[in-house]
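>
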Amino acid sequence: MATRIKEIKLNDIHKSKWPLVIGYFGSIHVMHCQLFEMFHHFNVLTFKDFNPKTKTQLYEFNERIKNIAKFGPQNIYIFDISKNNMKAEEFVQRVLLPIKPNSIVVGTNFKFGSDHKPYTILNKYFKVDSVNHNARISTTIISQLLSSGQVERANGFLYKPYHYTSQWVKGQHRGKTLGFRTINLKVDRHLAVCPGSYVASVRLGRKWHKAVAFVGASKTFKMNVPIIEIHVFNKRLMPRSLYPQSIRNKVCVEFYKYIRDNTKYKSTKLLIKAIERDVKVAKAYFERNK
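For the sequence shown, position 170 (counting from the first letter as 1) is numbered 150 according to the working numbering, and the numbering increases by one without interruption.
1) Does F71 pass the burial test, meaning 16 or more other C-beta atoms within 10 Å, or should it be called exposed?
2) Just the C-alpha distance for V231 and V149, rounded to the nearest angstrom, thanks.
3) Mind checking H325: buried by the 16 CB within 10 Å criterion, or exposed?
4) According to DSSP, is A336 part of a helix, a strand, or is it coil?
5) Could you name the residues that DSSP lists as bridge partners for F92?
6) Look up S110 in the DSSP assignment and give the residues it is bridged to.
7) Leaving out five residues on either side along the sequence, give the residues of the same chain with a beta carbon under 8 Å from the beta carbon of R133.
8) I believe A49 touches I58 by the beta-carbon criterion, under 8 Å. Please report the beta-carbon distance rounded to the nearest angstrom.
9) Mind checking whether the beta-carbon of N242 lies closer than 6 Å to any heavy atom of the ligand SAH?
10) Give me the residue from G185, P81 and A180 with the minimum Cα distance to Y265.
11) Here's the rule: buried if 16 or more other CB atoms are within 10 angstroms of the residue's CB, otherwise exposed. What is E17?
12) Suppose the cutoff is 6 Å on Cβ atoms and the five residues either side in sequence are ignored; what does the same chain contact list for L171 look like?
13) Quick check: what's the CA-CA separation for L138 versus V131?
14) With DSSP collapsed to three states, give me the class of R183.
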């Protein structure tokens, strides 16, 4: 059965007896996986438009919902904090009790409501199953690792390698001139990795392709707007022929290893040599991790 997605309306709340997993899920890390794997049938309640200054998000809202849906909940309830920011006790009375879950599932670090109450107040109303919080694993810590180039460490905490989904945009065809055709993706504030070159793979249609990816505004060409430039190893793929298809469907790129920073090279020849080294590093990585 496909997961049903329901935005919570206070005057019309869908009831469901299944255990209710509650969280912000700015990423899906190994501690979240424990929450989702406790029951065969369960629902999830998550939050929309929470303050990014207080809660870290690795993914934009729709991508967060897709990540949760992969674990197969019966329903995903969405509570829009910007429309109804209420205290914890009111949230219990107006949202959680009307859903009528047979239990609540949270991490022990979960706090909720505009008054930031701990999850323990839920014990007055529900059977509560909690997973002990590991202070070394959190979305904030994962974000810090990604932003400092420690992609492999961050991926060790995530349920799958860090990925970013965005729209394909037309570039300036410099990749073709340099001998490395690229797929170019738009960047927004949700991109968590720092500027530089990476071992990566990109999904085109239903297939994943090994690649190197450059993130940022090229210092060599004095660019001002950051983008992601992806060079796919499969030479039979022609980016221009795929472009119309990918305008309709966003492109997903996974990051595996940080290679080097965004360096300003004195000549295109030096840049080409650097890209050749990136490709060599990436191919060696994939050879070791078949």
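A virtual CB, placed ideally from N, CA and C, is assigned to each residue, including glycine.
On the basis of the coordinates in this document:
1) buried
2) 10 Å
3) Outside the displayed range of the chain (-19 to 270) lies residue 325, so it cannot be described from this structure.
4) The requested residue 336 does not occur in the structure, where the chain is confined to residues -19 to 270.
5) Residue pairing by DSSP places F92 opposite K97 in a beta bridge.
6) V86
7) Cβ within range, chain order: L125.
8) Contact flag wrong, Cβ pair sits at about 12 Å.
9) For the ligand SAH, the structure offers nothing, since it holds no ligand at all.
10) A180
11) exposed
12) Y144
13) Approximately 10 Å between the Cα atoms of the pair.
14) strand
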